[in-house]
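Please read the structure below before turning to the comments.
Residue numbers (the working numbering): 1 to 128.
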């Protein structure tokens, strides 16, 4: 099974927060399942940082490189096929970044690491 981080749980993981449930921490510490982060999440973090909604101790690029190298998190690109999936999604959630994450999970058959109730409304697998 492949896992895709939602943005907020990724931020909790990258900040060494103890607010993640033990099941997520166990998953992250195991090396059995591939873990991904959407470039949509990266863009969302960059925008929120620019407008003052997020404050990072280190540059975002450094955080992403560290997560890739140390915690084996792979960045998942956004490709043109996602536009087809986005058009098929019901309009349950108006956050464009979350909709991209849902579309990627559906397209790539991934389980989304999230506790977002709006994301959980979609016909995707979630883990939290």
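We put the beta carbon where it would ideally sit given N, CA and C, even for glycine. As the structure is a computational prediction, the values presented were derived from the model and not from experiment.
Coil, strand or helix - residue i by DSSP
{"i": "residue 5", "result": "strand"}
{"i": "residue 22", "result": "helix"}
{"i": "residue 63", "result": "helix"}
{"i": "residue 78", "result": "coil"}
{"i": "residue 41", "result": "helix"}
Beta-carbon spacing of residue i, residue j below 8 angstroms
{"i": "residue 128", "j": "residue 34", "result": "no"}
{"i": "residue 92", "j": "residue 42", "result": "no"}
{"i": "residue 38", "j": "residue 100", "result": "yes"}
{"i": "residue 72", "j": "residue 31", "result": "yes"}
Proximal residues to residue i (C-beta, below 6 angstroms), its chain only, five neighbours per side dropped
{"i": "residue 105", "result": "4, 112, 124"}
{"i": "residue 7", "result": "41, 44"}
{"i": "residue 110", "result": "2, 4"}
Chain-order list of residues whose beta-carbon lies under 8 angstroms from that of residue i (same chain, five-residue window excluded)
{"i": "residue 9", "result": "20, 24, 113, 114, 115, 128"}
{"i": "residue 46", "result": "60"}
Backbone CA spacing between residue i and residue j [nearest angstrom]
{"i": "residue 53", "j": "residue 88", "result": "31 angstroms"}
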